Amino acid sequence: MPTVLRWGPYRAFFYSNEGNEPPHVHVRSGDSEAKFWLHDLSVAVNAGFPTHEIGAIIRHLRTQRDFLEGQWHEHFRN
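Going by our numbering, the first residue of the sequence shown is number -15, and it counts up by one from there.
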């Protein structure tokens, strides 16, 4: 489960057994976790983040999308 990005209380990471899915990133803070598809930064799963916080996370991920996609392809070698 490599961490690819940290900011504030957030940690963005991949689960190493999910390489067969489209590129995505998980974000965790405290007991909350969400999964975001990288192609459009839509929310695949949200477990605990309030809506306003999801919006702030998406805004930050948008600024890092190219980096995150590069990290995905490097990690999963695809």
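Even for Gly, the Cβ is constructed at its ideal location relative to N, Cα and C.
Keep in mind it's a predicted model, so treat the numbers as computed, not measured.
Status (buried if at least 16 other CB within 10 Å, exposed otherwise) for residue i
i     : result
HIS10 : buried
TRP56 : buried
Minimum C-alpha distance to residue i - residue among the options
i       : options                       : result
TYR(-6) : LYS19, HIS57 and GLU5         : LYS19
ILE41   : ASN4, GLY3 and TRP21          : TRP21
PRO6    : THR35, SER13 and HIS23        : HIS23
ALA31   : HIS44, GLY14 and GLU58        : GLY14
ALA(-4) : GLY39, ARG12, GLN55 and GLU58 : ARG12
Three-state class that DSSP yields for residue i in the structure shown
i        : result
LEU(-11) : strand
ARG(-5)  : strand
ARG49    : helix
CB contact check: residue i to chain B, cutoff 8 angstroms
i        : result
VAL(-12) : Absence of chain B from the displayed structure is noted, only one protein chain being present.
Can you give, in chain order, each stretch of the beta strand (DSSP E) that sits fully within the segment 5 to 46 and has at least 3 residues?
8 to 13, 16 to 21 and 27 to 31
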